[in-house]
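Chemist: Sharing a structure with you now.
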Amino acid sequence: MAANGRAVLVTGGAGYIGSHAAKALDRAGYRVVVYDNFVAGHRGAVKYGELVTGDITDLARLRETLRRHAIFAVMHFAAFLDVGESVREPAKYYRNNVGGALTVLDAMASERVQPFVFSSTCATYGEPIETPIVETHPQKPINSYGETKLAVEHALPHFERAYGIRSIRLRYFNAAGADPDGELGEDHSPEIHVIPRALEAAATGQPIDIFGEDYPTPDGTCLRDYIHVADLADAHIRALARLSQGGASASYNVGTEKPSSVKDVIAAVERVTGKTLTRRSAPRRPGDPAVLYASAQRIRQDLGWTPKHADLDSIVRDAWRWHSAHPHGFGDRS
Ligand SMILES: NC(=O)c1ccc[n+]([C@@H]2O[C@H](COP(=O)([O-])OP(=O)(O)OC[C@H]3O[C@@H](n4cnc5c(N)ncnc54)[C@H](O)[C@@H]3O)[C@@H](O)[C@H]2O)c1
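Here is the structure:
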């Protein structure tokens, strides 16, 4: 087995996507070390691997962790990700998303740790000029969240040249769903993503806001590419395997290539939960492009990745199973 019990540091491993990746790494035979400061993560989400409580801006702690656990590779999930907040508080985003990521890379350079898998985002593309979005599409973010992720992408070739750190940048589209075994799920607070918000609306009978119904799309609502979190985790395992075998640095979109509208999501939630949602029209949110969906041809070809849970109903079904079994998330919300 390629993994052979080698240790991987998972920054942000107490968060939504990182916790699912930690499970996938464990299943693939790696030793997992989760590194998180719990600013948004949950102790209950750390079910796989050892936990180190620490901040990604703490160079000494990172270096000590890399050494003590004989880490051979890093998956870097830790970041802030609320687009609206990033516009209001760019300093907070630059400090954590850029400063933190560069500190992790600095620690890796000092401790001679090499492969790096980075959580990037379709937000680095900004307003698309062509869909589906291919990796060579111009990257012109329209908010500071996207800018912070792009800044790290731009730093990576320099860290490779100087310190030999090869990296794969995975540009996720809309992460969604939950662990198909029902062990892990999404617990953001406040929740900014449409599927958990629609599930919450189904559970409580509260209305679901639709932000804009006059977009130039077939039903007037935004089109997005929802990618199951287990398929994202699988993309990480494949990226790490490629880098471990000496593969070259690369950037990949991770999406299903299928656009779904907000109204499609609501219809799927109604089918899965058997409840009828009350829709409430709300104004467009600034910075929401009408259409965002991926071409994932590159990752299919290079890494043999293919989404196994691509249909919206199965994504919503897994999310609903976790949501209904954990109405208060991991139970540690303040
Ligand atoms: N959720 C999505 O749809 C989506 C889409 C594209 C990209 N991403 C990226 O994926 C990554 C994970 O997203 P998520 O949805 O799992 O978010 P999340 O908030 O659930 O997880 C992030 C984790 O990082 C930790 N963290 C944040 N700052 C830290 C710091 N300074 N030190 C240590 N730990 C810190 C948090 O406590 C949390 O556990 C992020 O980098 C995000 O930008 C997410």
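Numbers in the working numbering are just positions in the sequence shown, counted from 1, shifted up by 941. Note that CB positions come from ideal geometry on N, CA and C, so glycine has one too. Note that this is a predicted model, so its numbers are computed, not measured.
Are there three or more Cβ pairs, one per stretch, closer than 8 Å when the segment 1165-1175 is compared with the segment 1188-1203?
Modeler: Because the criterion of three Cβ pairs below 8 Å is met, the segment 1165-1175 and the segment 1188-1203 touch.
Chemist: Using the three-state DSSP reduction, which class does G973 fall into: helix, strand or coil?
Modeler: Here residue 973 refers to the residue found at position 32 when the sequence shown is read from its first residue. With the sequence shown as reference, residue 973 is identified as Val, and Gly is not the correct amino acid for it. Strand.
Chemist: Where does N1115 land, buried or exposed, given buried means 16+ other C-beta within 10 angstroms?
Modeler: Position 174 of the sequence shown, counted from the first residue, corresponds to residue 1115. Buried is the call here.
Chemist: Indicate, with yes or no, if ligand 1 has a heavy atom lying under 6 Å from the CB of F1018.
Modeler: In the sequence shown, residue 1018 corresponds to position 77, counting from 1. Because some heavy atom of ligand 1 lies under 6 Å away, the Cβ of F1018 counts as near it: yes.
Chemist: Given a cut-off of 7 Å on the beta-carbon distance, is the pair I1207 and A1117 in contact?
Modeler: In the sequence shown, residue 1207 corresponds to position 266, counting from 1. In the sequence shown, residue 1117 corresponds to position 176, counting from 1. In this structure, A1117 does not lie closer than 7 Å to I1207 by Cβ.
Chemist: Keeping to the same chain, check which residues put their C-beta closer than 6 Å to that of G946; ignore five residues upstream and five downstream.
Modeler: By 1-based counting over the sequence shown, the position of residue 946 is 5. Closer than 6 Å at Cβ, skipping near neighbours: R972.
Chemist: When burial is assigned at 16 or more other CB atoms within 10 Å of the CB, is P1137 buried or exposed?
Modeler: One-based indexing of the sequence shown puts residue 1137 at position 196. P1137 should be labelled buried.
Chemist: Hey, out of K1204, H1095, D1243, whose CA is closest to V941's CA?
Modeler: Since the first residue of the chain shown is 942 and the last is 1275, residue 941 is not available in this structure.
Chemist: If you check the beta carbons only, do V1213 and W1261 fall under 7 Å apart?
Modeler: Here the question's residue 1213 lines up with position 272 in the sequence shown. Here the question's residue 1261 lines up with position 320 in the sequence shown. A contact, by the Cβ cut-off of 7 Å.
Chemist: Taking C-alpha atoms, which residue in G1187, F1271, G1067, K1249 lies nearest to P1230?
Modeler: What you label residue 1230 is simply residue 289 of the sequence shown in a count that begins at 1. Nearest C-alpha to P1230: G1067.
Chemist: Can you tell me whether R1221 is buried or exposed? The criterion is at least 16 other CB atoms within 10 Å of its CB, across all chains shown.
Modeler: Looking up residue 1221 in the sequence shown gives position 280. By the neighbour-count rule (16 or more Cβ atoms within 10 Å), R1221 is not buried but exposed.
Chemist: Answer yes if the segment 1013-1022 comes into contact with the segment 1178-1186, meaning at least three C-beta pairs across the two stretches below 8 Å, and no otherwise.
Modeler: yes
Chemist: Taking only the alpha-carbon atoms, compute the straight-line gap between L966 and E991 and give it to the nearest angstrom.
Modeler: Within the sequence shown, numbered from 1, the residue matching residue 966 stands at position 25. Within the sequence shown, numbered from 1, the residue matching residue 991 stands at position 50. When rounded, the distance between both Cα atoms is 13 Å.
Chemist: Which one or two residues does DSSP pair with T994 in a beta bridge?
Modeler: Here residue 994 refers to the residue found at position 53 when the sequence shown is read from its first residue. T994 pairs with D977.
Chemist: Going by the CB atoms, is the gap between A1209 and F1259 shorter than 7 Å?
Modeler: Reading the sequence shown from its first residue, position 318 is the one you call residue 1259. Reading the sequence shown from its first residue, position 268 is the one you call residue 1209. For clarity, residue 1259 is Asp in the given sequence; the question names Phe instead. Not in contact: D1259 and A1209 (Cβ atoms no closer than 7 Å).
Chemist: With Y976 and L950 assumed to form a contact (beta carbons below 8 Å), what rounded beta-carbon distance in angstroms separates them?
Modeler: Sequence index remark: in the sequence shown, residue 976 carries index 35 (1-based). Sequence index remark: in the sequence shown, residue 950 carries index 9 (1-based). Y976 to L950, Cβ: 6 Å. Contact.
Chemist: By a C-beta neighbour count over all protein chains shown, 10 Å radius and 16 as the cutoff for buried, is H1250 buried or exposed?
Modeler: Position 309 of the sequence shown, counted from the first residue, corresponds to residue 1250. Sixteen is the threshold: when 16 or more other Cβ atoms of the shown chains lie within 10 Å of the Cβ of H1250, as they do, the residue is buried.
Chemist: How many whole angstroms separate the CB atoms of P1073 and A1191, which I take to be in contact at a CB cut-off of 8 Å?
Modeler: The residue labelled residue 1073 in the question sits at position 132 within the sequence shown. The residue labelled residue 1191 in the question sits at position 250 within the sequence shown. The pair is not a contact, with the Cβ atoms about 18 Å apart (cut-off 8 Å).
Chemist: Can you give me the C-alpha to C-alpha distance between P1069 and V1232, rounded to a whole angstrom?
Modeler: Start at 1 with the first residue of the sequence shown, and residue 1069 comes out as number 128. Start at 1 with the first residue of the sequence shown, and residue 1232 comes out as number 291. Near 8 Å, if we compare the C-alpha coordinates of V1232 and P1069.
Chemist: Does at least one heavy atom of ligand 1 sit under 6 Å from the Cβ of G1153?
Modeler: Position 212 of the sequence shown holds residue 1153. Not under cutoff, so the answer is no.
Chemist: Using only alpha-carbon positions, find the residue among H1267, A1143, P1227, F1271 that is nearest to N1084.
Modeler: Residue 1084 sits at position 143 when you count from the first residue of the sequence shown. Answer by Cα proximity: P1227.
Chemist: Could you have a look at S1085 and say whether DSSP puts it in helix, strand or coil?
Modeler: For the purposes of this step, residue 1085 is taken as residue 144 along the sequence shown, with counting starting at 1. Helix at S1085.
Chemist: Taking only three categories from DSSP, how would you classify L1043?
Modeler: Reading the sequence shown from its first residue, position 102 is the one you call residue 1043. It is helical.
Chemist: Ignoring anything shorter than 4 residues, give me the alpha helix (DSSP H) runs that lie fully in the segment 1070-1135, in order along the chain.
Modeler: 1085-1104
Chemist: Closer than 7 Å by C-beta to A944: which residues in its own chain qualify, once you throw out the five before and the five after it? Chain order, please.
Modeler: Taking the first residue of the sequence shown as position 1, residue 944 is located at position 3. Closer than 7 Å at Cβ, skipping near neighbours: A969, G970, Y971.
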